[in-house]
Amino acid sequence: MLKSENINNMKVIYNKFIPFKGFYAITIIKWIFVREEYKHFDGSSIYNKMINHESIHEQQILDFTPKIFPS
12 MLKSENINNM KVIYNKFIPF KGFYAITIIK WIFVREEYKH FDGSSIYNKM INHESIHEQQ
72 ILDFTPKIFP S
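Heads up, the sequence shown is in the working numbering, so the first residue is 12 and it goes up one at a time.
1. Please report the straight-line C-alpha distance between V23 and V45, rounded to a whole angstrom.
2. Is F28 helix, strand or coil by DSSP?
3. Specify the secondary structure class of I84 as computed by DSSP and reduced to three states.
4. Compute the beta-carbon to beta-carbon distance between I40 and P30, rounded to the nearest angstrom, for a pair I have assumed lies under 8 angstroms.
5. Out of F75, D74, E69 and T76, point me to the one whose CA is closest to M21's CA.
6. For E65, I'd like the list of residues in its chain whose CB is within less than 7 angstroms of its CB, leaving aside the five on either flank, ordered along the chain.
7. Helix, strand or coil: how does DSSP classify I72 here?
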């Protein structure tokens with residue numbers, strides 16, 4: 012079952028398949044996929060840094076593809 016929340020206009024989706032083992036999170040367009048086993052970090056400084064890092068990737072995507080994915 013997928014669990015999700017919204018942060019910075021991005022949907023954060025917790026699951027056990029994406030990203031592959033060994034990765035905490037991955038940004039795909041406007042979604043941040045976080046492995047379920049790392050959800051317990053939610054609210055910690057490590058988690059906040061990871062969300063900020065993935066949000067930067069979203070902004071990079073939007074900057075380079077403004078016609079396809081308008082914000």
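We treat Cβ as the ideally placed atom computed from N, Cα and C, and that holds for glycine.
Inspection of the coordinates gives the following:
1. 7 angstroms
2. coil
3. Nothing in the structure corresponds to residue 84, since the chain is present only between 12 and 82.
4. Not really, about 14 angstroms apart at Cβ, beyond 8 angstroms.
5. E69
6. A36, T38 and I43
7. helix
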